[in-house]
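The structure under discussion appears below in the form of structure tokens.
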Amino acid sequence: MNGIHAGQRRLFLKLAGGSVGMLVLGVYLPFGAHAAAGASVKPAAPRPNVFIRIAANDTVTVICKHQDMGQGTVTGLATLVAEELDADWAQMRYEYAPADAKTFGNHLLGVQGVGQSTSMANSWDELRKAGAAARAMLVAAAAQQWGVPVDSVTVSQGRITHAASGRSSGFGPLAQVAAALPVPQQVVLKEPAQFKLIGTQRPHRLDNVAKTSGKEVFGLDVRLPGMRYAVLARPPRFGAVMKSFDASAARKVPRVLDVVATPYGVAVLASNTWSAIQGRAALKIEWDDTAAERRSSPAMAEQFRQLAAQPGTPAGAQGDVAAVLPAAAKRIDADYEFPYLAHVALEPLNATIEFTATGATLHTGCQFQTIDQLSVAQELGLKPEQVRVRTLMAGGSFGRRANPAGDYVRHAAAVAKAAGGKLPVQLVWTRSDDLAGGYYRSMFLHRVSAGLDAGGELVAWDHRIVGHSIGEGTALERYLIKDSVDFTSVEGAAENTYGVSNFRCQLHSPTKTVPVLWWRSVGHAHSAYVVETLIDEAAFVAGRDPLAYRLARLSTQPRLAAVLKLAADKSGWGGALPKGRGRGIAGHASFGGFVAHVAELSVDGSGRIKVERIVCAVDCGLAVNPNVIAAQVEGGVAFALSALLFQAVTFKDGIVEQNNFDAYPMLRLAQMPHVEVHIVPSTEPPSGIGEPVIPTVGPAVANALFSATGQRVRKLPFAAGGFSA
Amino acid sequence: MKVALRVNGKTQRLDTEPEMPLLWVLRDQLDMTGTKFGCGAALCGACTVLVNGMPTRSCVMPASSVQGAAVTTIEGLTGREADAVRRAWRELDVVQCGWCQSGQIVAATALLRTNKKPNDTDIDGALDANLCRCGTYQRVRQAVHAAAAILAAGAKS
């Protein structure tokens, strides 16, 4: 990173190092006292110097504090700056911010990192203000240089112009003069009608060229002089500890350079990844399984069922379920079972540790910068400020890289330290490491009873959830767990979306025996499946149209009702379907977004499902990049269908049964339905999009399957119930 | 053992293990990281390269077995079809995380070199084993059609 400079309240355009010859709008606060953690208070005044750098060659670099795991974040963030700066899209660039929670903290999460689809909501005002302030400074610089009034200077598509004199300049030549000017403390932002980039299809992804040429550098692509490639032999069962190991055969494997023990397992280091993997296969390790999880999946599920039979911790209540439910005219009682899920980002997890004169550098596709910085510092015995974080593009995450425990960066640091603490080490996870290495979406069991009156109206909803807590025992426990309820376990269910007058939601969080973590859309991924298939079932029991039945209960939720109506309308809801086809709908609100899906599928006599068409309506506030939003919806369909149809992590005697994509499949090209995306025009501030597009895909498809076959699938994945795709 | 590989038209002589898959020779010995590791078992297609023009899973292809063959990676993928594929990919903003995209682009280019106007079934046949966790499939399909259209327009002009 260039331009590290003592923290001043006012920062200036500075030379970023003579050899580069580039002007910077902005210097970074030093890594230091603020870096470790701590709340980030959203500053009211614009911070152009923090977020924008303008080079002599006219390029405008936006400093991105939120990581892009494929969801188009850097493109979206740059769009905000370019809009207010009146830049030309072709001059926009991006760069990731260093770890510094004080400067780059996520105002919605309290640490530097991104998750819960917060990047756009966090940066919407912040980056537009920065862009507007930088524009004002450039205009003032031009006015000063040309000796003309400020209000006679205009900016359009990266050109600063004084029409009367015919003078004109790019941003670059004026950047240094602008540097000497004060940062305006107040700026006037554009009205939506003035937008030239926001809300248009104009901005193409900033990472398009690098990612189609093979030139993008992801974490796993880091290459450093003398770097060793390492793989780690972790305990095959969670909770096991190493008794002893014999590395003699491993050391004889050609190109293996070292074998070291760490608190997390035995690492083999080699001059290339493949030789390290061969060396690991030759290790002989004796594990002590005394404290390990040794059960198989059926026994784990049985524990959940037993818990579900008992009252849990209250997570939401209204009216008197205990009195009304037994008296209901009709009842639906159902158990819903969800498996452990792995994230399987296609870039296998990895982190590279490089030792420097003052500490170390972590190179990785980093999602939780300050947490990972702290984790590495702890492993290496350094202060957090001695660990520089170089954030690189990540080949997917889906929640896996945002780990409060910082597991994969810790492992890399521990291996690098055990190997001598001098040479750079890249720790690589193979696909089987990824599938067996934990931090899954927890297994969940939902036990729900719904009561309907004689007219078919829902009068009682009793919802009991069993699943492991993400927050328990982590640094984020205080944030995630309130009154013994981890909100990520009950979100999407505890809100009583359909306003049932007698409602109860309870939670059991059995102690974790395998590590769990958020998985794209977190609790909503399972809770919406339950709520949206059960409301559908209630509608059928009541003899009502599932859409109308929902809408009748959503009078106070206009945005949710609107996406349901829009999706239904665009899908031809209510129209005839060919034989063997079914249509289903689902709507849900999560992470500030409102999404509805209508699914159409066909199923043959052998239970082979083909999801033919998905219509999605989405309201995520003002659509900054409609093209990026559509891509998230399309991709979200594939992500959600993969879990719905195929995916489960299961255990046999405590050992994960899935090693690779043959046993843990994902949707393939030929199985991809046609996806249509409809975005609700909105002037509300933007919310997220990556997560909200997930929860309703599964229940819409499940409801379509019911409409085609009369079968309700309550255990996922569908493959477990004899369906194929 | 010493092997001589022809990668992107350039001869590379290096000392390696005979069984070491081409993927790791490319990535870790030649530092050509455009070709990606995803599964190590020919199950995902992220490591796809061309060997004598044929899409090949480099993660299971021993380096010694491709001696003398022409290996083309994403970094060296050029020509009319590759240009059309890249243009279509960028116009349609296909990429998301990007990890699978080298493999997708190599496979799509190979398809268009032998089939100027692939239909959906042809595209399924050529690209169905290239997994994408972000789910870019709809745009991959659109982009292959778009690339074919670019090539057709170029051929006419």
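Residue numbers (numbering that gives the first Met the number 0), protein chains in the order written: chain G, 0 to 724; chain V, 0 to 156. Where a beta carbon is used, it is the ideal one built from N, C-alpha and C, also for glycine.
Spatial distance of LYS9 of chain V from ARG399 of chain G (CA atoms): LYS9 of chain V and ARG399 of chain G have their C-alpha atoms spaced approximately 39 Å apart.
Going along the stretch 656-673 of chain G in order, which residues come within less than 8 Å of chain C, judged by CB to CB distance? Chain labels in this structure do not include chain C; the protein chains are G and V.
Using the Cβ count rule (16 or more neighbours within 10 Å means buried), how would you classify ASN56 of chain G? Burial call: exposed.
Start-to-end residues for the alpha helix (DSSP H) that takes in ASN118 of chain V: No alpha helix (DSSP H) holds ASN118 of chain V; DSSP gives it neither H nor E.
Please name the residue, chosen from G:GLY574, G:GLY104, G:GLY635, G:SER589, that lies closest to GLN556 of chain G on a Cα-to-Cα basis. That would be G:SER589, whose Cα lies nearest to the Cα of GLN556 of chain G.
Going by DSSP in three states, SER448 of chain G sits in which element: helix, strand or coil? SER448 of chain G: strand per DSSP, three-state reduction.
Should GLY213 of chain G and GLY33 of chain V be called a contact, given that it needs their Cβ atoms to be closer than 7 Å? Going by C-beta atoms, GLY213 of chain G is nearer than 7 Å to GLY33 of chain V.
Have a look at ALA724 of chain G and LEU644 of chain G and give me their C-alpha separation to the nearest angstrom. CA-CA distance, ALA724 of chain G to LEU644 of chain G, rounds to 7 Å.
Determine whether the Cβ of THR32 of chain V lies closer than 7 Å to any Cβ atom of chain G. Chain G, which has a Cβ nearer than 7 Å to the Cβ of THR32 of chain V, makes this yes.
Which class does LEU666 of chain G belong to by DSSP, given the choice of helix, strand or coil? Secondary structure of LEU666 of chain G (DSSP, three-state): coil.
Going along the chain, which unbroken runs of the beta strand (DSSP E) with 3 or more residues stay wholly within the stretch 26-96 of chain V? Taking 3 residues as the shortest admissible run, the stretch 26-96 of chain V contains the following complete beta strand (DSSP E) segments, listed from N- to C-terminal end: 47-50, 53-56, 69-71.
Quick one: residues in its chain with C-beta nearer than 6 Å to the C-beta of ARG46 of chain G, no 5 flanking neighbours on either side, listed in chain order? For ARG46 of chain G, where only same-chain residues beyond five positions count, the Cβ hits under 6 Å are ALA129.
Against chain V, does MET68 of chain G count as a neighbour if the rule is that its beta carbon must be under 7 Å from one of theirs? At least one chain V Cβ lies under 7 Å of MET68 of chain G.
Given 8 Å, three or more beta-carbon pairs between the stretch 536-554 of chain G and the stretch 336-351 of chain G: In this structure the stretch 536-554 of chain G does not lie against the stretch 336-351 of chain G, because fewer than three pairs of beta carbons, one per stretch, are closer than 8 Å.
Count the other CB atoms within 10 Å of the CB of MET119 of chain G; is the residue buried (16 or more) or exposed (fewer)? Its Cβ being crowded by 16 or more others within 10 Å, MET119 of chain G is buried.
Give me the Cα-Cα distance between VAL59 of chain V and GLY39 of chain V, rounded to the nearest whole angstrom. Inter-residue distance for VAL59 of chain V and GLY39 of chain V is about 7 Å (C-alpha atoms, whole angstroms).
Just grab the DSSP bridge partners of THR160 of chain G for me. Residue pairing from DSSP places THR160 of chain G in a beta bridge opposite G:THR153, G:SER167.
Where does THR355 of chain G sit, in a helix, a strand or coil, going by DSSP? Under the three-state reduction of DSSP output, THR355 of chain G falls in the strand class.
When you check each C-beta in the stretch 99-131 of chain V against every C-beta of chain G, which residues fall closer than 8 Å? Residues passing the 8 Å Cβ filter: CYS99, GLN100, SER101, ILE104, ILE122, ASP123, LEU126, ASP127, ALA128, ASN129, LEU130, CYS131.
Boundaries of the beta strand (DSSP E) in which GLY315 of chain G is found, first to last residue: GLY315 of chain G -> beta strand (DSSP E) spans 312-317.
Closest by C-alpha distance to GLN317 of chain G, when choosing among G:GLN505, G:SER247, G:PRO698: For the residues G:GLN505, G:SER247, G:PRO698, the minimum Cα distance to GLN317 of chain G belongs to G:GLN505.
Less than 7 Å between the C-beta atoms of GLY574 of chain G and LEU600 of chain G, yes or no? Result no, Cβ atoms of GLY574 of chain G and LEU600 of chain G do not sit closer than 7 Å.
Can you give me the C-alpha to C-alpha distance between ALA34 of chain G and LEU563 of chain G, rounded to a whole angstrom? Low confidence applies to ALA34 of chain G: its pLDDT is 30, below 50, so where it sits in the model is not reliable, and the reading given next is rough at best. Taken atom to atom, the span from the alpha-carbon of ALA34 of chain G to that of LEU563 of chain G is near 44 Å.
Is it true that the CB of ASN207 of chain G sits closer than 7 Å to the CB of ARG89 of chain V? Taking 7 Å as the Cβ cut-off, ARG89 of chain V and ASN207 of chain G qualify as a contacting pair.
For the alpha helix (DSSP H) that TYR528 of chain G lies in, which residues bound it at each end? Run containing TYR528 of chain G: 523-541, per the alpha helix (DSSP H) assignment.
Grouping DSSP H, G and I as helix and E and B as strand, with all else coil, what is PRO20 of chain V? In this structure, PRO20 of chain V counts as strand in the three-state DSSP scheme.
My output table needs one value for GLY153 of chain V: the three-state DSSP class, helix, strand or coil. Helix, per DSSP.
Proximity of ARG236 of chain G and ASP288 of chain G at Cβ, strictly below 7 Å: Taking a C-beta distance under 7 Å as the contact criterion, ARG236 of chain G and ASP288 of chain G qualify as a contact pair.
What in chain V is Cβ-close to ARG254 of chain G, meaning under 8 Å? The answer, in chain order, is GLU16.
Between VAL386 of chain G and the ligand COA, is there a pair consisting of the residue's CB and a ligand heavy atom that are separated by less than 6 Å? With respect to the ligand COA, the structure shown offers nothing to examine, as it has no ligands at all.
Per DSSP, which one or two residues make a beta bridge with ASN349 of chain G? Beta-bridge pairing by DSSP links ASN349 of chain G to G:VAL427.
Could you pull the start and end residues of the beta strand (DSSP E) that TYR263 of chain G belongs to? Secondary structure note for TYR263 of chain G: it is in no beta strand (DSSP E), with a DSSP letter that is neither H nor E.
Does DSSP classify ALA34 of chain G as helix, strand or coil? Unreliable placement is indicated for ALA34 of chain G, whose pLDDT of 30 sits below 50; the coordinate value is still reported in the next sentence. The three-state secondary structure of ALA34 of chain G, taken from DSSP, is coil.
Local Cβ density within 10 Å of ARG56 of chain V, reported as buried at 16 or more and exposed below that: ARG56 of chain V should be labelled buried.
Do you know offhand how far ASN501 of chain G's Cα is from ALA459 of chain G's? Taken atom to atom, the span from the alpha-carbon of ASN501 of chain G to that of ALA459 of chain G is near 5 Å.
What residues in the stretch 38-52 of chain V have a beta carbon less than 7 Å from any beta carbon of chain G? Identification of residues in the stretch 38-52 of chain V having a C-beta nearer than 7 Å to some C-beta of chain G yields CYS38, GLY39, ALA40, LEU42, CYS43, ALA45, given in sequence order.
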